[in-house]
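To start, the structure under review is shown below, and the notes come after it.
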Amino acid sequence: MPWERLCGSLIYRALTPLIRPHMGMTVQVCSTALSVMGNRHSDIAALNAASAAVAVSSIAWRGPFGAVRVGMSLGRRLIVDPSPFELCHYFLTYVATRKEELIVEFQSNHELTLDEKMGCITLAKSQVFNLLEAQDRLRYKKNLEQRCPSSYKQNSTKKQKDCVKHATTQSETLVGHSWKHKEHE
1 MPWERLCGSL IYRALTPLIR PHMGMTVQVC STALSVMGNR HSDIAALNAA SAAVAVSSIA
61 WRGPFGAVRV GMSLGRRLIV DPSPFELCHY FLTYVATRKE ELIVEFQSNH ELTLDEKMGC
121 ITLAKSQVFN LLEAQDRLRY KKNLEQRCPS SYKQNSTKKQ KDCVKHATTQ SETLVGHSWK
181 HKEHE
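Oh and the sequence shown: position 17 is 17 in the UniProt record's numbering, straight run, nothing missing.
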């Protein structure tokens with residue numbers, strides 16, 4: 001029970017600043033872990049699932065966001081998404097959009113140098129970027145299906161073929177732009 005509250009709080013803290021206040025309705029996201037692969041924490045998966053769910057909806061917001069947890073082992077090795085059994089004395093929970101950092105939460109038993117903290121943040125940023133690209137591809141695929149239902153794809157009229165061609169080109173351009181951005185970083 002306490003875990004669900006903490007997870008819900010993380011989702012709330014990540015979503016709230018991104019949803020426009022003048023929207024005039026309440027947004028409710030329910031996250032249920034049906035299974036977890038290995039001995040992993042499911043709160044980070046719940047954060048990313050909440051972002052993907054809102055991203056494919058019609059809600060006006062400034063997302064998506066990506067979430068990742070980075071741990072530092074006792075041997076000073078950085079571990080992305082450490083299991084509860086990996087002995088980490090330091091955890092970073094990092095949630096960000098392409099433009100802003102939403103949550104940077106450190107949990108540590110020992111003091112870390114500024115370089116170690118920056119190393120964790122740099123690794124987290126690269127992982128979040130991959131998650132954002134995956135959500136973008138999901139969103140563009142859904143938008144393509146909404147703009148051009150499968151009945152349009154099977155029909156042979158020129159106007160409907162142009163709809164499919166335009167939507168596909170637009171999605172590829174936007175996703176291609178994201179990949180170019182990644183190469184420059």
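The beta-carbon is built from N, C-alpha and C at its ideal position, and this holds for glycine as well.
Open item on the list: Just to confirm the assignment, what range does the alpha helix (DSSP H) spanning Val104 have?
Closed with: No alpha helix (DSSP H) contains Val104, which is instead part of the beta strand (DSSP E) from Glu101 to Ser108.
Open item on the list: Using the three-state DSSP reduction, which class does Phe129 fall into: helix, strand or coil?
Closed with: helix
Open item on the list: My assumption, with CB atoms under 8 Å, is that Ile103 sits in contact with Thr93. Please give the rounded CB distance.
Closed with: 6 Å
TODO: In the DSSP assignment, find the beta strand (DSSP E) that holds Ser73 and state where it starts and stops.
DONE: Gly66 to Ser73
TODO: Flag this pair as touching only if the segment 112-127 and the segment 27-43 have three or more C-beta atom pairs under 8 Å; answer yes or no.
DONE: no
Task: Sub-8 Å separation of Tyr90 and Gly119 beta-carbons - done: no
- [ ] Determine the burial state of residue 212: buried for a count of at least 16 other Cβ atoms within 10 Å of its Cβ, exposed for fewer.
- [x] Because the chain here runs from 1 to 185, residue 212 falls outside it and cannot be looked at.
Task: From Val68, Cys88 and Arg62, residue whose alpha carbon lies closest to that of Val74 - done: The sequence given here places Leu at residue 74; Val does not occur at that position. Minimum Cα distance to Leu74 is reached at Cys88.
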